[in-house]
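2 protein chains.
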Amino acid sequence: MACDATVLAEVKMCSSNYVMAVNDTMNVISGKWKLPIIGSLLYGKKRFKELERDIAKITPRMLSKELKDLEMNSIVKRTVHNTIPVTVEYELTDSGRRFKNVLDVMVEWGLEHRQDVMSEITGGK
Amino acid sequence: MACDATVLAEVKMCSSNYVMAVNDTMNVISGKWKLPIIGSLLYGKKRFKELERDIAKITPRMLSKELKDLEMNSIVKRTVHNTIPVTVEYELTDSGRRFKNVLDVMVEWGLEHRQDVMSEITGGK
DNA sequence: TATACCAGTATACTTTAGTATAGTAGTTAC
DNA sequence: GTAACTACTATACTAAAGTATACTGGTATA
Numbered sequence: 001m002a003c004d005a006t007v008l009a010e011v012k013m014c015s016s017n018y019v020m021a022v023n024d025t026m027n028v029i030s031g032k033w034k035l036p037i038i039g040s041l042l043y044g045k046k047r048f049k050e051l052e053r054d055i056a057k058i059t060p061r062m063l064s065k066e067l068k069d070l071e072m073n074s075i076v077k078r079t080v081h082n083t084i085p086v087t088v089e090y091e092l093t094d095s096g097r098r099f100k101n102v103l104d105v106m107v108e109w110g111l112e113h114r115q116d117v118m119s120e121i122t123g124g125k
Numbered sequence: 001m002a003c004d005a006t007v008l009a010e011v012k013m014c015s016s017n018y019v020m021a022v023n024d025t026m027n028v029i030s031g032k033w034k035l036p037i038i039g040s041l042l043y044g045k046k047r048f049k050e051l052e053r054d055i056a057k058i059t060p061r062m063l064s065k066e067l068k069d070l071e072m073n074s075i076v077k078r079t080v081h082n083t084i085p086v087t088v089e090y091e092l093t094d095s096g097r098r099f100k101n102v103l104d105v106m107v108e109w110g111l112e113h114r115q116d117v118m119s120e121i122t123g124g125k
């Protein structure tokens, strides 16, 4: 089979490709604020100021920068409306919405892991 | 229902808890080298030098630091063997092995996302 | 005319993450 | 005795990420 993965099942057998694909995903969501932003946008379209209010302690500089990153990576779509004054709406792309699958298993693993660590400490067999 | 999540399904309904659990997961795997280390250990126990050889360009300083982090977070178990000279083995804990579920969906999403972006560029409908 | 909202940008700074390079203590092989 | 292996640690540095603070240009409201 070697390492010429073309099918998902095969990729998963191949260490280097596996790590590469995961790193791809990691790069897209790297940084302190990308997940909060995606999390917020999962609940629907938002405007810049709405996101700023939604996400505690984020500065407009970081919000602007992270939104640009997410837009470049086709996770978020930016739409400017010809209203007065202009309003700008951010929403998830298909890929962005599909990322919820990743978040779901992250939540699951996170919770299970916490339980694991807790039961180790309390000695609960 | 408010925000007093006790069941997974309920947590997923609650934005702030959702984000918190995901951040937990992110913190555990943050950094440039944790995923390569976990990826390598998914293929079985490894000694320090084996990991160092396995993971291209990692320095012993970073490997040591990241292994300590992973150990503290109960992702990796460190065992010292009374051989001469001493050998030290690193292996994944149950939690660590269960993390493969997360990696799997990351690989899946990463590949799908790449296809998405590609088909956008080439204009394939 | 002053204040406030929107969607950001600019500049300077601090903090964190990662790298480079060398060295430790113990053991074995030549 | 010197070179090499194991499992690291120490020191000093660079680079990347994030923060703080202020400001822009346009519009609307009191």
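In order, the protein sequence lines correspond to chains D and C.
Under the UniProt record's numbering, think of the first position of the first sequence as 1, with each following residue one higher.
Under the UniProt record's numbering, think of the first position of the second sequence as 1, with each following residue one higher.
Positions of the beta carbon are idealized from the N, C-alpha and C atoms, including for glycine.
Asked	Found
Bridge-paired residues (DSSP) for Tyr90 of chain D	D:Lys46, D:Arg78
Nearest-angstrom Cα separation, counted from Asn82 of chain C out to Thr25 of chain D	40 Å
Cutoff 8 Å: Leu51 of chain D Cβ touching any chain C Cβ	no
C-beta neighbour in chain C for Asp69 of chain D, strict 8 Å	no
Contact set between Thr25 of chain C and chain D, taken where Cβ atoms lie within less than 7 Å	Met106, Trp109, Gly110
Distance CB(Leu51 of chain C)-CB(Val76 of chain C) smaller than 8 Å	no
C-beta neighbour in chain C for Glu120 of chain D, strict 8 Å	yes
Rounded C-alpha distance that separates Val22 of chain D from Glu108 of chain D	18 Å
Val105 of chain C vs Val105 of chain D beta-carbon contact at 8 Å	yes
Gly39 of chain D versus D:Ile58, D:Met118, D:Leu103, residue with shortest Cα-Cα distance	D:Leu103
Neighbour-count burial assignment, Glu66 of chain C, 16 or more Cβ in a 10 Å radius	buried
Cutoff 8 Å: Arg114 of chain D Cβ touching any chain C Cβ	yes
Cβ-Cβ distance between Glu89 of chain C and Arg47 of chain C below 8 Å	yes
Listed by chain order, chain C residues near Asn101 of chain D by CB distance under 8 Å	Val105, Glu108, Trp109
Cross-chain neighbours of Val76 of chain C in chain D, by beta carbon under 8 Å	Here the premise fails: no neighbours, minimum Cβ distance about 13 Å.
CB contact below 8 Å: Ser95 of chain C versus chain D	yes
Where Ile121 of chain D sits in the DSSP three-state scheme	helix
8 Å Cβ cut-off: residues of chain D touching Arg61 of chain C	By Cβ distance, chain D contributes nothing, its closest Cβ being about 21 Å from Arg61 of chain C, past 8 Å.
Distance between Val86 of chain D and Asp54 of chain C (C-alpha atoms, nearest Å)	53 Å
Residue-level contact to chain D via CB, Arg47 of chain C, 8 Å cutoff	no
Option nearest Ser119 of chain C by Cα separation, candidates D:Gly44, D:Arg78, D:Arg61, D:Ser95	D:Ser95
Three-state secondary structure (DSSP) of Asn27 of chain D	helix
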